[in-house]
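Heads up: the structure comes next, in structure tokens.
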Amino acid sequence: DAMVIQNPRYQVTQFGKPVTLSCSQTLNHNVMYWYQQKSSQAPKLLFHYYDKDFNNEADTPDNFQSRRPNTSFCFLDIRSPGLGDAAMYLCATSRDASGGSTYNEQFFGPGTRLTVL
Amino acid sequence: DQQVKQNSPSLSVQEGRISILNCDYTNSMFDYFLWYKKYPAEGPTFLISISSIKDKNEDGRFTVFLNKSAKHLSLHIVPSQPGDSAVYFCAATYDYKLSFGAGTTVTVRA
């Protein structure tokens with residue numbers, strides 16, 4: 004089955020220790036997204052890739068970076084995690100929506116829960 | 107700035123009855139509205155959508171209503187079933203991006 008896979012499902016890191024979260028997809032979608040979701044809050048878009056073009060949200064902290072080495076994989080790097088970065092991180096993909104409509108169904112992975120000690 | 111709001115964090119409903127989930131938005135540029143459903147330990151999955159030019163979309167037990175003048179949409183689930191117990195996110199889209207509400211946890215009681 005085509006899907007969005009996130010590894011690891013649970014990640015524990017220490018304050019200030021860099022951490023990388025991984026996302027892969029078998030859907031061959033052009034667009035990949037990273038969201039941060041804190042407890043009882045709405046998922047918040049951090050950035051997205053349209054093919055190789057990186058699009059950062061204006062309020063995403065510099066501490067968060069992303070890499071997309073190929074269509075299938077996308078990584079979220081947190082350079083110096085703080086206690087406030089503990090959250091669920093969701094990866095999603097969607098097709099190219101350039102066919103005249105901006106409707107885009109996004110397909111989500113199960114998320115990685117990050118704990119910062 | 108929260109552009110999509112779900113003001114009810116939880117909803118409890120008896121099996122067989124109607125569940126009504128509400129959502130408000132502020133950005134008039136949104137052109138599609140979606141509902142996602144999320145079970146524990148899984149990612150959100152798409153449930154139903156509606157274009158901003160429509161006022162109703164129905165898919166089986168699920169109906170979404172859109173009131174553009176009030177910037178309000180709702181999801182009706184009839185009849186509610188135990189498998190509907192989940193978190194429901196309202197979302198709105200413009201230019202590839204989804205803006206989500208905080209979610210409503212629905213519990214269907216037997």
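First to last, the sequence lines map onto chains A and B.
When we follow my numbering, the leftmost residue of the first sequence carries the number 4, and every step to the right adds one.
When we follow my numbering, the leftmost residue of the second sequence carries the number 107, and every step to the right adds one.
No residue lacks a Cβ here, since even glycine has one placed at the ideal position from N, Cα and C.
Being a predicted model, the structure only gives us computed values, none of them experimental.
With 16 other Cβ atoms within 10 Å as the buried cut-off, status of residue i
i: LEU86(A); result: exposed
i: THR132(B); result: exposed
i: THR199(B); result: buried
i: PRO188(B); result: exposed
i: GLY149(B); result: buried
i: PHE139(B); result: buried
i: GLY102(A); result: Unreliable positioning characterises GLY102(A) in this predicted model, as indicated by a pLDDT of 45, which lies under 50. The coordinate reading is nonetheless provided below. GLY102(A) comes out exposed.
i: ILE159(B); result: exposed
i: ALA192(B); result: buried
i: ALA176(B); result: exposed
i: SER27(A); result: buried
i: LYS73(A); result: Before going further, note that residue 73(A) is Asn rather than Lys in the sequence given. By the 10 Å Cβ count, ASN73(A) comes out exposed.
i: THR29(A); result: exposed
i: SER69(A); result: buried
Local conformation of residue i per DSSP, three classes
i: GLY102(A); result: Below a pLDDT of 50, predicted positions are generally treated as unreliable, and GLY102(A), at 45, falls in that range; the measurement from the model is reported next regardless. It is coil, neither helix nor strand.
i: LEU30(A); result: coil
i: ASP130(B); result: strand
i: ASP88(A); result: helix
i: LYS47(A); result: strand
i: ASN59(A); result: strand
i: SER97(A); result: strand
i: GLN9(A); result: strand
i: GLN120(B); result: strand
i: MET135(B); result: coil
i: ASP65(A); result: coil
i: PHE76(A); result: strand
i: LEU117(A); result: strand
i: GLN17(A); result: coil
i: ARG215(B); result: strand
i: ARG82(A); result: coil
i: LEU140(B); result: strand
i: TYR145(B); result: coil
i: GLN39(A); result: strand
i: ARG71(A); result: coil
i: SER230(B); result: Shown here, chain B extends from 107 to 216; a query on residue 230(B) therefore has no answer.
Sequence-distant residues of its chain with Cβ nearer than 6 Å to residue i (five each side left out)
i: PHE171(B); result: LYS162, SER180
i: ASN59(A); result: PHE50
i: SER114(B); result: THR210
i: MET135(B); result: TYR200
i: MET91(A); result: GLN40, GLY114, ARG116
i: SER116(B); result: THR211
i: LYS143(B); result: THR151, LEU153, ALA192, TYR194
Contact set for residue i: own chain, Cβ-Cβ below 7 Å, skip 5 residues either direction
i: SER118(B); result: THR213, ARG215
i: VAL119(A); result: THR16, PHE18, PRO84, GLY85, LEU86, ASP88, ALA89
i: ASN33(A); result: TYR53, ASP54, ARG98, ASP99
i: ASN66(A); result: ILE81, ARG82, SER83
i: ARG71(A); result: MET35, TYR52, LYS55, CYS77
Whole-Å CB distance - residue i paired with residue j, under 8 Å assumed
i: SER109(A); j: TYR52(A); result: Going by the sequence as given, residue 109(A) is Gln instead of Ser. Actually they do not touch by this definition, with Cβ atoms about 13 Å apart.
i: ASP80(A); j: THR115(A); result: Contact flag wrong, Cβ pair sits at about 13 Å.
i: GLN9(A); j: GLY112(A); result: 4 Å
i: ASP130(B); j: HIS178(B); result: 5 Å
i: PHE152(B); j: ALA45(A); result: In fact, because the Cβ distance is near 16 Å, the residues do not count as touching under 8 Å.
Close-in-space but distant-in-sequence residues of the same chain around residue i (CB under 8 Å, 5 per side omitted)
i: GLN14(A); result: VAL22, LEU24, THR115, ARG116, LEU117, THR118
i: PRO185(B); result: GLU121, GLY122, ARG123, ILE124, ARG167
i: ASN107(A); result: VAL34, SER97, ARG98, ALA100
- Message: What ranges does the beta strand (DSSP E) occupy inside the segment 151-213 of chain B, keeping only unbroken runs of at least 3 residues that lie completely in it?
- Response: Fully enclosed beta strand (DSSP E) runs of 3 or longer: 151-157, 162-165, 168-173, 178-183, 192-200, 203-206.
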